[in-house]
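Trainee: Protein sequences appear in the order of chains A and B.
Everything in the first sequence is counted per numbering that gives the first Met the number 0, starting at 0 for the first residue and increasing by one.
Everything in the second sequence is counted per numbering that gives the first Met the number 0, starting at 0 for the first residue and increasing by one.
Glycine is no exception: its CB is placed at the ideal position from the N, C-alpha and C atoms.
Below is a structure I'd like to ask you about.
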Amino acid sequence: MPSSPNHVLEFPGGYTRSVGPVIGRFLSDLRDGRLVGVRTRTGKVLFPPAEYDPDTGDSVTDEFVEVGPVGTVESWSWVAEPLGTHPFDRPFAWALVTPDGADTAILHALDVGEYERGAKPPKRLKVGMRVRARFRADRKGEIGDIEAFQPEVSMITVPSRLEFELRPGKALDRFLEGMAEGRILGHRCPVCEKVIVPMGGLCPKDGVPTIEEVEVADTGTVTTFAVNNLPDPRAPEVPFVSAYVLLDGADIAMLSLVAGIPADQVRMGMRVKAAWKPRDEWGRTIQNIRWFEPSGEPDASFEAIKDYM
Amino acid sequence: MRDVAIVAFAQTKHSAVDEGLHETEMLLPIIQQVKEQTGISRFDFTCSGSCDYLIGAPFSFVSALNAVGAWPPISESHVEMDGAWALYEAWVKMQHGEFDTALVYGFGKPSQGSLREIFNRQYDPYYLAPLGVDQVSLAALQAQAYMHRSGTKEDDLLAVADRARKAGRANPYALDLDDPAADAAYDVAPLKTHDVAAEADGAAVIVLAADVHARDICERPAWITGIDHRADAHSPGVRDLSRSESTRLAGERAGATGIEVAELHVQFSHEEFIVREALNLGDDVKVNPSGGPLAANPVMAAGLIRLGEAAARIHSGEASRTLGHATSGPCLQQNLVCVLSGESHG
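See the structure below:
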C-alpha cells in the first residue's frame, strides 16, 4: 500500500450487491452455522454453490445438501507477512478445502495457531490435512462468517503438576553447604579410593559408607556430551550441550551444561572450567555453577578419560 | 483466414520505480517509434489494453489516446485486459476485411498502488474478494498444487528464476536483477521472492498489417498462423490447479507445434512448468530468451510483449516459427496463444 495515498477509490460504506436465490441460500445457512452445497444435474455437489455447473454451464438443481463439517485441504499457501487487507495480522495459510460430501473446494483462511510474524510454514500444514470451519459468534450472512478453518483436534494438553519438599540427605546436604561457599566437595571411598562428586555417603561400586571429605577443583575435562535441540530454561540457547565433566581430582564425571562455545565445536577431552553465578546469587544448590566453559587449555588425551565413560 | 502479420514492435525500458512519467508520456515515444518505422501516421484501427484500477480512475485509458493522435476521430477500441487481448480484437476486425493496418498497445504503471490488492478487485465478489485474498497468495496455492502433483521442488523453481534473471540482464528493456539466492525468503510459501514477477512500469506497442501491406512495411513479417484464447472456471476450488486446460486448448487450436522459440507470460516460476506442459513444449524449445515477466513485468503490457518478442525473433531471421502466450485472471485462468511464422502459410 502507498504509505501516504493522495488518491482513494472507494464506495463509502461498501458496494451493495444482490446475491440471488442460490448464493443467498448458502449465505443464510452459513449465518446459521451450516455449510451447504448445491447438487448439479450431473449429481455432483458444488460447494460453495453457484447458479451454474462450471463444467457444463447448466443451471444447478434446487437440491441443497449439507456438507462437512470436516473437510480436506487440497492445496495451501503460507502468508508469513500478512497484508492489511488479509483476515489475520499474524501468519496464516490460504487453503482450498473440500468438505466431506462436496465435490469442489472453497478458498478460505486456515489458522494453524501461529503467532510469530515471519514464521516458516509449519510442518503439519499439508495437502490432505483435515480441517473444519471456525464460525464467528456474530454472523451476518457473508463469507467472513467463517473466521477461518482450523485443524481437527489431534492433541490435547493436560495440566500436570505435583508439589514436594525434598530433603537431600546428610551427605548431599554437606555437598550443598560447600556449594554455598563456592567449594566443590566429594568423598573418597576407603576401598577403591575413588573420589565421588557429589557424594551420597556411600560408594556405589563397593557398597561401603564413605566419610573422607575431599575438595576438588572447579576445572575438568569433558568425557562425553550430547547436543540438545529442545529448549530448556537453564540453557543459554538452542542448541545447547549437556556434558559429563570429570572434575580435576574427582573420579566420577558430573552432568552439567557446557556453554561459551558453538555446540558443533564441543569435543571429548575438551578442558573446561566452571562459570559461577555472581556470589550474591549463590544458594545451597549446584546451580551456583551456571555451566562449564572452555578453559583454553590443550585438550586432554583419550587415555586420560577413557576409564571414566 | 486472412493473412495478418506483426510488422513492428516497440517497448519501453521498463522500470521498477516510478520515473515520474504519466502513462501517455511512457507511450508517446514508442508510438512515435513505430510510426517512423512503418511510415504510417494514421492506422485503420487502434486498440489498447490497460487496467483503470491501476490508477483508480475510471476511463483513464481514454487519455492514453492523446499519445496516438486521435483527431480527426479514429476508429478505436479498448479492452480492460492485457494488450495481447487488444491484439486479438484487432486481428478479428482485420479478418472482417474492413481494416488493413492496426495499432495495438498496452501499458501499466503499478508503482502508484498495491498491485496485489488491486487485483483482488477482479475476483468473485461473493466468495473470494471479501476474503482479502491477493494475487500472490492465489498463485502460491497453484504452485503448491503443481509441486504436490509433479514432485517439483523449490530448487527447480529457483532454476527457472535464475535463467529468467540472467536473460533479463542481457535484455536492455528488462530489469537488472541479481541471481536468486538459494536461501531467499519466502514471499507467500512455497513461492520465494525470486519466484514472483518483478513489477515494473512500462508499455509496448505492436503494428499489425494484412496481406500485401505487411510485405510493404516489413522485410520479414511475423505472420499470425493461429491465435486462440480460452478460459477456465474462475473459482480456484472447482478446477485442477496443477494443470492449465485452457492453455492446452488454446495451444491446440492455434496449432502450437514445431515451435522454436516460446515467449510465455509466466508471472511466477511454477507457471512456466504448467504452461510448458500444457503446450507440450519439449526441451529443444527456447523459452523466454527475453527473461520474461520474471525479469520485468509491466502489467497489462507484459502479455503483448511476449507476442512482440516472439515476432522480433522472426523479424530478425533468428527463428522461423515462434509462439507468444498471454494470461489473465487468477491462477492462469484465461490464456491466449499466438503462433507466428516467417511464412504466411507456415
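Below 8 Å on C-beta distance, what does A:E141 contact in chain B?
Mentor: Residue 141 of chain A sits at position 142 when you count from the first residue of the first sequence. In chain order: P129.
Trainee: Please confirm whether B:P235 has its beta-carbon closer than 8 Å to some beta-carbon of chain A.
Mentor: On the second sequence, position 236 is the one that residue 235 of chain B refers to. Yes - at least one Cβ of chain A is within 8 Å of the one on B:P235.
Trainee: For A:E211, write down the residues that DSSP places opposite it in a beta bridge.
Mentor: Translated into the one-based positions of the first sequence, residue 211 of chain A becomes position 212. DSSP output for A:E211 lists A:R187 as bridge partner(s).
Trainee: From the DSSP output, which residues share a beta bridge with A:A108?
Mentor: The residue given as residue 108 of chain A occupies position 109 in the first sequence. According to DSSP, A:A108 bridges with A:W93.
Trainee: Within the 8 Å Cβ cut-off, does B:Y104 reach chain A?
Mentor: On the second sequence, position 105 is the one that residue 104 of chain B refers to. It does not: the Cβ of B:Y104 has no partner Cβ on chain A nearer than 8 Å.
Trainee: Quick check on this structure: which residue in A:R16, A:D263 and A:D102 has the alpha carbon closest to the alpha carbon of A:A225?
Mentor: As a first step, residue 225 of chain A is located in the first sequence; it is residue number 226 there, counting from the start. Ranking the options by Cα distance to A:A225, first place goes to A:D263.
Trainee: If you check the beta carbons only, do B:H269 and B:Y185 fall under 8 Å apart?
Mentor: Locating residue 269 of chain B in the second sequence gives position 270, where the first residue counts as 1. Locating residue 185 of chain B in the second sequence gives position 186, where the first residue counts as 1. Going by C-beta atoms, B:H269 is not nearer than 8 Å to B:Y185.
Trainee: Considering only the alpha carbon of each residue, which of B:R115, B:I30 and B:P109 lies closest to B:L137?
Mentor: Here the question's residue 137 of chain B lines up with position 138 in the second sequence. If we check each option's Cα against that of B:L137, B:R115 comes out closest.
Trainee: Using a Cβ-Cβ cutoff of less than 6 Å, which residues in the same chain neighbour A:S76 once the five nearest sequence positions on both sides are dropped?
Mentor: Numbered from 1 along the first sequence, position 77 holds the residue referred to as residue 76 of chain A. Taken in chain order, the residues that qualify are W93.
Trainee: If you draw a straight line from the C-alpha of A:G67 to the C-alpha of A:F91, how long is it?
Mentor: Locating residue 67 of chain A in the first sequence gives position 68, counting from the first residue. Locating residue 91 of chain A in the first sequence gives position 92, counting from the first residue. C-alpha separation (whole angstroms): 22 Å.
Trainee: Can you tell me which of B:T246, B:L339 and B:L207 puts its alpha carbon nearest to the alpha carbon of B:Q94?
Mentor: Looking up residue 94 of chain B in the second sequence gives position 95. When each option's Cα is compared against that of B:Q94, the closest is B:L207.
Trainee: Report the residues of the region 26-56 of chain B with a CB closer than 7 Å to any CB of chain A, ordered along the chain.
Mentor: Correct list: G55.
Trainee: Using 8 Å as the threshold, is the region 246-258 of chain A in touch with the region 211-229 of chain A, meaning 3 or more CB pairs across them?
Mentor: The region 246-258 of chain A vs the region 211-229 of chain A: in contact.
Trainee: In whole angstroms, what is the alpha-carbon distance linking B:P129 and A:G143?
Mentor: As a first step, residue 129 of chain B is located in the second sequence; it is residue number 130 there, counting from the start. As a first step, residue 143 of chain A is located in the first sequence; it is residue number 144 there, counting from the start. Those two C-alpha atoms are separated by around 7 Å.
Trainee: Quick test of your reading: B:L303 and B:G167, contact by CB under 8 Å. State the CB separation rounded to the nearest angstrom.
Mentor: What you label residue 303 of chain B is simply residue 304 of the second sequence in a count that begins at 1. What you label residue 167 of chain B is simply residue 168 of the second sequence in a count that begins at 1. About 18 Å; that fails the 8 Å criterion.
Trainee: Using the Cα positions of A:F10 and B:Q134, report the straight-line distance between them to the nearest angstrom.
Mentor: The sequence position of residue 10 of chain A within the first sequence is 11, counting from 1. The sequence position of residue 134 of chain B within the second sequence is 135, counting from 1. Between A:F10 and B:Q134, the C-alpha separation is close to 22 Å.
Trainee: Compare the C-beta of B:S136 against all C-beta atoms of chain A and say whether one is closer than 8 Å.
Mentor: The count along the second sequence starts at 1 and reaches residue 136 of chain B at position 137. Yes, because at least one Cβ of chain A sits closer than 8 Å to the Cβ of B:S136.
Trainee: Which residues of chain B have a Cβ atom closer than 7 Å to the Cβ of A:P120, listed in chain order?
Mentor: Residue mapping note: residue 120 of chain A aligns to position 121 of the first sequence, counting from 1. Here the neighbours are A188.
Trainee: Under 8 Å, Cβ to Cβ, is there at least one residue of chain B near A:S27?
Mentor: Within the first sequence, residue 27 of chain A is the residue found at index 28, counting from 1. No, because no Cβ of chain B sits closer than 8 Å to the Cβ of A:S27.
Trainee: Restricting to runs no shorter than 4 residues, where is the alpha helix (DSSP H) found entirely within the region 273-321 of chain B?
Mentor: Here the runs fully enclosed are 301-314.
Trainee: If I measure Cβ to Cβ from A:V196 and keep anything under 7 Å in the same chain, skipping five residues before and after, which residues do I get?
Mentor: As a working mapping, residue 196 of chain A is identified with position 197 in the first sequence. So the list reads I183, G185, V215, L246, A249, I251 and M253, once near-sequence residues are dropped.
Trainee: So, at 6 Å on beta carbons, what are the nonlocal neighbours of B:P28 in its own chain, with the 5 sequence-adjacent residues on each side left out?
Mentor: As a working mapping, residue 28 of chain B is identified with position 29 in the second sequence. Nothing listed; no residue qualifies.
Trainee: List, in order along the chain, the chain A residues whose C-beta lies closer than 8 Å to that of B:H147?
Mentor: If you number the second sequence from 1, residue 147 of chain B lands on position 148. By Cβ distance, chain A contributes S74 and V126.
Trainee: Name the chain B residues that come within less than 9 Å of A:P47, Cβ to Cβ?
Mentor: In the first sequence, residue 47 of chain A corresponds to position 48, counting from 1. Within chain B, the residues near A:P47 are Y125, Y126, S234 and G236.
Trainee: From the DSSP output, which residues share a beta bridge with A:F291?
Mentor: Reading the first sequence from its first residue, position 292 is the one you call residue 291 of chain A. Answer is A:V257 and A:A273, bridged to A:F291.
Trainee: Using the Cα positions of A:M128 and A:R30, report the straight-line distance between them to the nearest angstrom.
Mentor: On the first sequence, residue 128 of chain A is found 129 positions in, with the first residue counted as 1. On the first sequence, residue 30 of chain A is found 31 positions in, with the first residue counted as 1. Cα-Cα distance, rounded: 25 Å.
Trainee: Determine the closest residue to B:S234 out of B:V33, B:T151, B:L140 and B:E24, with distance taken between C-alpha atoms.
Mentor: On the second sequence, position 235 is the one that residue 234 of chain B refers to. Comparing Cα positions, the closest option is B:L140.
Trainee: Might you give, ordered along the chain, the residues of its own chain that have their beta carbon closer than 7 Å to the beta carbon of B:S343, omitting 5 neighbours on each side?
Mentor: As a working mapping, residue 343 of chain B is identified with position 344 in the second sequence. Excluding sequence neighbours, B:S343 sits near D2 and W222.
Trainee: Could you list the residues in the region 168-186 of chain B with a C-beta less than 9 Å from some C-beta on chain A, going in chain order?
Mentor: Flagged, chain order: A184, Y185 and D186.
Trainee: Let's see if you can read the secondary structure: which residues bound the beta strand (DSSP E) around B:S340?
Mentor: Your numbering for residue 340 of chain B matches position 341 in the second sequence. Its beta strand (DSSP E) spans residues Q333 to S340.
Trainee: Let me know the beta strand (DSSP E) ranges lying completely inside the region 20-52 of chain B, each 3 residues or longer, listed in chain order.
Mentor: List check, beta strand (DSSP E) in window: 44-48.
Trainee: With 16 as the cutoff for other CB atoms within 10 Å, does A:K169 come out buried or exposed?
Mentor: Start at 1 with the first residue of the first sequence, and residue 169 of chain A comes out as number 170. Label assigned to A:K169: exposed.
Trainee: Compare the C-alpha of B:E262 against each of B:E251, B:R252, B:L278 and B:F60 and name the closest.
Mentor: As a first step, residue 262 of chain B must be located in the second sequence, where it is residue number 263. The shortest C-alpha separation from B:E262 is found at B:L278.
Trainee: Do A:A147 and A:P53 have their C-beta atoms within less than 8 Å of each other?
Mentor: Taking the first sequence and counting its residues from 1, the one referred to as residue 147 of chain A is at position 148. Taking the first sequence and counting its residues from 1, the one referred to as residue 53 of chain A is at position 54. No, they are not a contact pair.
Trainee: To which residues of the same chain is B:G254 closer than 8 Å at the C-beta, ignoring the five residues directly before and after it?
Mentor: As a working mapping, residue 254 of chain B is identified with position 255 in the second sequence. Excluding sequence neighbours, B:G254 sits near T224, G225 and V338.
Trainee: Strictly by DSSP, which residues pair up with B:I225?
Mentor: Start at 1 with the first residue of the second sequence, and residue 225 of chain B comes out as number 226. Sequence check: residue 225 of chain B is Gly here, not Ile. B:G225 pairs with B:V338.
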